[in-house]
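Per this note's numbering, the sequence shown runs over residues 10 to 528.
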Amino acid sequence: MNRHVKIVAALIVVAAAVLFGSRYLLPLYEDWQQKGTSDARATRGTITIGMDNWVGYFPLCSDENVRRMRRAGYLLRCEDDAADYAGRMERLRSGELELAVATVDSYLKAGDAAGYPATIVAVLDESKGGDALVSRADRIGSIDDLKAGGSFLIAVTPDSPSEHLLKSIGVHFDIPLLRDQQAAWRVDTDGSEAALDLLRENKVDAAVLWEPDVSRALQLDGIKEVLSTADTEGLIVDILLVNRRWSESDPEAVYALMTSYFKTLRYFRDNPDALREAIARHYDLPTDQAEALLDGVAWTTLSANARTWFGVSRQPGAWTGEALVDAIESASDILVEHGDFDRSPIPNGDPYRLTNSQFVADLFSGGLGADDDADPAGGDPLARAFDPLSDTQWDGLTEVGTLKIRPIVFQSGSAELTYEGKQEMDRAVENLRHYPNFRLQISGHTGLRGDATANRTLSQSRAESVGRYLRVTYGLDVNRVREVGRGSDAPLERRPGESNRAYNYRLPRVELTLVAEEY
């Protein structure tokens, strides 16, 4: 290589170095200099959260929380992806997001495809009236009306929490019509407002909506609420997800974010007017509609996160639950039975692979949640107290729906529950947990043969046996339950083409029907 070639080659290398430096190194230096010569030198980093516009996420991304995080040295950035759960999970997996929000069911659906890139570190809120199935009362008066089939049309927004409410109804109350995703009843819409428009225009018989459209629908003539999340427990649960790699590499930032969030939640709880005004500004709503949004959500304090959802307590022997694990397993069961999965999406069948209680436990044991209200139920929701009712008052209750339950097995000719019968009751209780506000009527039925009086007596004894098992085993309040023996007076309808043998097998049964007061 001659001298001129070497000089040219050297010049090329120098030019490339200058180009590289000006393109990559100089901006880095300028950024370092800009930060180092300003108050930004105290900034520890930026935390990006993937979210959508559900009101339950508002405190997390509120100006109040952003200010608290800024004082802690972090810039908080919330990015609204319009409920693109699949994209949100991919961004978590790639590291574009440090945190994200989701419902338990949406994380199971979208997280499965992305390999579950995050763990659940907190429960943010539950939908408490924010989602509801509403209907034209002359077409669908109760959940059991849907069991009769027919040509109902129901408006639903795909992949929404409201759709999960509808799936839950189909599974818990054994409505095959709702589990058929290709059935003619389904009218897919682009959001709750579009579903409400179809209901208002009399183009559908029912719709699953979220606030403020639920409140708007109930102001229309002839529209009633069939089932609302105001009367459910653990069905639509919003969670905070933290990127697994980020939580390992920067746990201090996770603690800072969660500390700031729970302090913000406490601030809004102590200053409800500030929350109401902030909600109205953020969603550009009048005050009454802002109130409707707030009425539909119940935020979860640090204390409730620890005691109720993650099973953490400061005092040995104090009541704690693991409602988060229960919610994960319940959502999985609903998705499988509805047909979204052909097997449980929970990794290795272990729900604890999806949760990380350490952050909540450390903050709680450190005293951050000492002045929070404890679990408002005061313990297991199944043991909630009810006022006593007379027989006349019981007879005046409105039927909500009959829970799905397979035949309960008794000893032949007796009211004694078999081991298999108790197992079936245990499975039924898992569904009952989701509806803690309703009373329970236990109805015993027999076959058509034999003496009618003896049949009523036997069916009454069997209903009482089931009620006793529920009270003793699960602590159901005695005032919540009434047992009624129907005997052979209320037989099931025979199915088309059903044989006498199959029909007679179905007749002896015990039904669990949810009933409610109307005011």
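We put the CB at the ideal spot given by N, CA and C, even for glycine.
Nothing here was measured: the structure is a model prediction, and the numbers come from that model.
Is residue i helix, strand or coil by DSSP?
| i | result |
| --- | --- |
| K233 | strand |
| G59 | strand |
| I206 | Reading the sequence as shown, one finds Asp at residue 206 and not Ile. Residue state, collapsed to three classes: helix. |
| A6 | Here the chain has residues from 10 to 528 only, and residue 6 is not among them. |
| Y276 | helix |
| G387 | Annotation note: pLDDT 49 at G387 (below 50); position unreliable, no value reported. |
| R515 | helix |
| Q43 | Here Q43 scores only 46 on pLDDT, less than 50, and its place in the model should not be relied on; the value that follows carries that caveat. Q43 falls in the helix class under three-state DSSP. |
| A336 | helix |
| L186 | helix |
| I318 | At residue 318 the sequence reads Trp, which differs from the Ile that was named. DSSP places W318 in helix when its eight states are reduced to three. |
| A193 | coil |
| F373 | helix |
| V263 | helix |
| Y38 | Residue placement at Y38 cannot be trusted, given a pLDDT of 49 that sits under 50; what the coordinates show is reported in the next sentence. In the structure shown, Y38 sits in a helix (DSSP, three-state: H, G or I). |
| F395 | coil |
| N488 | helix |
So, for residue i: in the same chain, excluding its five sequence neighbours on each side, which residues have a beta-carbon less than 7 Å away from its beta-carbon?
| i | result |
| --- | --- |
| A472 | I451, S452, G453, E492, V493, G494, V519 |
| V113 | V246, I248, A336, I337, A340 |
| P416 | R518 |
| T46 | Unreliable positioning characterises T46 in this predicted model, as indicated by a pLDDT of 44, which lies under 50. A coordinate reading is not provided. |
| N74 | P68, L85, S269, Y270, T273 |
| L174 | D140, L142, V217, T238, L244, I245 |
| C87 | I58, M60, C70 |
Could you name the residues of the same chain whose beta carbon sits closer than 8 Å to that of residue i, not counting the 5 residues immediately before and after it, in chain order?
| i | result |
| --- | --- |
| N365 | T128, I129, V130, V251, S256 |
| E502 | none |
| A146 | G231, I232, K233 |
| L199 | Correcting the residue identity first, residue 199 is Asp in this sequence and not Leu. So the qualifying residues of the chain are T166. |
| L294 | P221, I288, L302 |
| S151 | V235, T407, E408, V409, G410 |
| E300 | R285 |
In its own chain, which residues sit with a C-beta less than 6 Å from the C-beta of residue i, not counting the 5 before and 5 after it?
| i | result |
| --- | --- |
| P517 | T455, G456 |
| A394 | D486 |
Could you give the residue range of the beta strand (DSSP E) that holds residue i?
| i | result |
| --- | --- |
| N252 | 246-252 |
| L108 | 108-112 |
| S144 | 140-145 |
| I451 | 448-454 |
| L284 | Run containing L284: none in the beta strand (DSSP E); it sits in the alpha helix (DSSP H), 281-292. |
Do residue i and residue j have their C-beta atoms closer together than 7 Å?
| i | j | result |
| --- | --- | --- |
| L142 | L236 | yes |
| G3 | W219 | Lying outside 10 to 528, the shown extent of the chain, residue 3 is not represented and no answer is given. |
| A203 | A216 | no |
| G65 | D247 | yes |
| R53 | Y83 | yes |
| E135 | I56 | no |
| S312 | L117 | no |
| V524 | L406 | yes |
| A289 | T296 | yes |
| N446 | D153 | no |
| I184 | K156 | yes |
| G484 | A392 | yes |
| R515 | G496 | no |
| E429 | V418 | yes |
| G243 | A332 | yes |
| V490 | L426 | no |
| A92 | D72 | no |
| A81 | A307 | no |
| K413 | F182 | yes |
| D214 | F277 | no |
| R97 | D90 | yes |
| F373 | M267 | no |
Return the first residue and the last residue of the alpha helix (DSSP H) that residue i is part of.
| i | result |
| --- | --- |
| G430 | 428-441 |
| A127 | First-last for A127: 127-136, but that is the beta strand (DSSP E), not the alpha helix (DSSP H). |
| S4 | With the chain covering only 10 through 528, there is no way to say anything about residue 4. |
| T462 | 461-483 |
| Y94 | 94-103 |
| T545 | Residue 545 lies beyond the stretch modelled for the chain, which goes from 10 to 528, so this question has no answer here. |
| V409 | Careful: V409 lies outside any alpha helix (DSSP H), inside the beta strand (DSSP E) at 407-411. |
| W172 | Reading off the sequence, residue 172 comes out as Glu, not Trp. From DSSP, the alpha helix (DSSP H) with E172 extends over 170-181. |
| A226 | 222-227 |
Please check the pair residue i and residue j, which I expect to be a contact at CB under 8 Å, by giving their CB distance rounded to whole angstroms.
| i | j | result |
| --- | --- | --- |
| W194 | I245 | Not quite, the Cβ-Cβ distance comes to about 22 Å (not below 8 Å), so this is no contact. |
| H443 | V180 | About 10 Å; that fails the 8 Å criterion. |
| S353 | M78 | Going by Cβ atoms, the distance from S353 to M78 rounds to 37 Å, so no, they are not a contact pair. |
| G104 | R254 | 7 Å |
| T310 | T411 | That pair is no contact at about 35 Å. |
| R285 | L274 | That pair is no contact at about 15 Å. |
| A125 | A111 | The identity of residue 125 in the sequence shown is Tyr, whereas the question assumes Ala. In fact, because the Cβ distance is near 11 Å, the residues do not count as touching under 8 Å. |
| A370 | A315 | 7 Å |
| N488 | L363 | Contact flag wrong, Cβ pair sits at about 37 Å. |
| G403 | V132 | Reading off the sequence, residue 403 comes out as Trp, not Gly. 35 Å between Cβ atoms; not a contact. |
Please find out if some non-hydrogen atom of the ligand SAM comes closer than 6 Å to the beta-carbon of residue i.
| i | result |
| --- | --- |
| I149 | The ligand SAM is absent from the structure shown, which contains no ligands of any kind. |
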